[in-house]
């Protein structure tokens, strides 16, 4: 009897050890991803994937930090403060050329940046009047160039605004003054009339027009820059090397999230509102922003490679870049390809 008791005790002990070992393995498989993002609707697929629990199911816990622009986030990437970057693609090739090991694994949105006018400038954008003529008329009437707010030089918003002004609309440079500022400051400045217009993305477009219908959309995303690449999800090389399954789970979650946003924006909106609205923005406005003409969700990173090259070439022309940075190794499309093959 004692022998049996001892055997049972040993078996029980062995079982407990195995259970503890399995629990330890499960804990080891859970990865904390430190995520930097900018507060725009283009990041929605990431927050929908997190809100629906798909990232957690993939063994990923997230710790998020908000930034005002992609260029501001590069320092955090370089210092190893964040693992995952959810922002504009424009600064990344340059960062990689300077030794920051960063890899774009997915797009999230394209054609996001649009140009709007504040009431002070809207009155000059009448039917049949070309943008260049409208800016010229504003300057003739006010004696000063129109002030347009956008994000810092080298960012996607700044690059596409300048492309639209100088290459598409052929505006006289004397008629416009570009004012770099953060995303929130841009929205507030346009609403307050401190500037005469600028580039915005959702949910700013919906918020601004809901508060003042005289704020006018004068150039859509495709018009300001053909094929305009926008928000991407990129991961540090160290994170990708150590946690390839986590990266795969993130991309798979993004694919499912984009499909959900398209099929059921009512279900997706609360997740996005929780991340971007912080209880301040009406969830109904977020839902409206998700289906806005300025919101085009695209996860396939292959679709933005050539537009991103074109954007970089234009940055060189502007002088915000000294020379084009190589794209070698910047885009890793295999995660997306696997996710699609596996059905998300």
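In mature numbering (1 follows the signal peptide of the UniProt record, and there is no 0), the protein residues as written are -28 to -1, 1 to 316. Backbone N, C-alpha and C define an ideal beta-carbon position, used for all residues, glycine too.
Who pairs with residue i in a beta bridge, going by DSSP?
i, result
"residue 8", "37 and 57"
"residue 242", "The partner list for residue 242 (beta bridge, DSSP) is empty, contrary to what the question assumes."
"residue 87", "171 and 191"
"residue 203", "60"
"residue 76", "206 and 303"
"residue 269", "81"
"residue 32", "3"
How long is the line joining the alpha carbons of residue i and residue j, rounded to whole angstroms?
i, j, result
"residue 128", "residue 286", "11 Å"
"residue 50", "residue 100", "48 Å"
"residue 120", "residue 150", "5 Å"
"residue 8", "residue 112", "43 Å"
"residue 289", "residue 83", "21 Å"
"residue 292", "residue 152", "13 Å"
"residue 190", "residue 33", "41 Å"
"residue 125", "residue 40", "13 Å"
"residue 116", "residue 315", "55 Å"
"residue 218", "residue 274", "20 Å"
"residue 98", "residue 188", "11 Å"
"residue 178", "residue 253", "11 Å"
"residue 284", "residue 294", "10 Å"
"residue 242", "residue 38", "18 Å"
"residue 52", "residue 170", "33 Å"
"residue 123", "residue 303", "24 Å"
"residue 42", "residue 240", "24 Å"
"residue 163", "residue 180", "7 Å"
"residue 213", "residue 312", "21 Å"
"residue 78", "residue 223", "7 Å"
"residue 244", "residue 256", "11 Å"
"residue 6", "residue 204", "16 Å"
Quick check on the burial criterion: 16 or more other C-beta atoms within 10 angstroms. Buried or exposed for residue i?
i, result
"residue 75", "buried"
"residue -5", "Because the pLDDT of residue -5 is 38, which lies under 50, any placement of that residue in the model is unreliable, and the question is left without a value."
"residue 306", "exposed"
"residue 259", "buried"
"residue 297", "buried"
"residue 161", "buried"
"residue 210", "exposed"
"residue 159", "buried"
"residue 70", "exposed"
"residue 185", "exposed"
"residue 144", "exposed"
"residue 220", "buried"
"residue 30", "buried"
"residue 68", "buried"
"residue 2", "exposed"
Going by DSSP, what residue range makes up the alpha helix (DSSP H) through residue i?
i, result
"residue 121", "Counting along the chain, residue 121 falls outside any alpha helix (DSSP H), though it belongs to the beta strand (DSSP E) covering 118 to 122."
"residue 43", "42 to 51"
"residue 17", "16 to 23"
"residue 180", "176 to 183"
"residue 114", "103 to 114"
"residue 131", "128 to 134"
"residue 259", "255 to 262"
Can you tell me where the beta strand (DSSP E) with residue i in it begins and where it stops?
i, result
"residue 166", "Segment: none, residue 166 is in no beta strand (DSSP E) and carries neither H nor E."
"residue 279", "From DSSP, residue 279 is part of no beta strand (DSSP E) but of the alpha helix (DSSP H) over 277 to 290."
"residue 219", "That residue, residue 219, is in no beta strand (DSSP E); its alpha helix (DSSP H) goes 216 to 235."
"residue 150", "148 to 152"
Below 6 Å, is the gap between the Cβ of residue i and the nearest heavy atom of the ligand ZN?
i, result
"residue 284", "You won't find the ligand ZN in this model; it holds no ligand whatsoever."
Residue i CB to nearest chain C CB: under 7 Å?
i, result
"residue 225", "No chain C is present in this structure, which holds just one protein chain."
Inset, instruction - Determine contact between the segment 270 to 284 and the segment 59 to 77, defined as no fewer than three beta-carbon pairs at a distance below 8 Å. - result: Contact check between the segment 270 to 284 and the segment 59 to 77: three or more CB pairs, one atom from each, fall below 8 Å, which counts as touching.
Inset, instruction - Report yes or no: do three or more beta-carbon pairs, one from the segment 226 to 238 and one from the segment 8 to 23, lie closer than 8 Å? - result: Cβ pair count under 8 Å is three or more, so yes.
Legend entry - Stretch-stretch touch, CB-based, cutoff 8 Å, three pairs: the segment 264 to 277 with the segment 79 to 96: Output reads yes: the segment 79 to 96 touches the segment 264 to 277.
Inset, instruction - Report yes or no: do three or more beta-carbon pairs, one from the segment 130 to 140 and one from the segment 184 to 196, lie closer than 8 Å? - result: Touching, yes, given that three or more Cβ pairs across the two stretches are closer than 8 Å.
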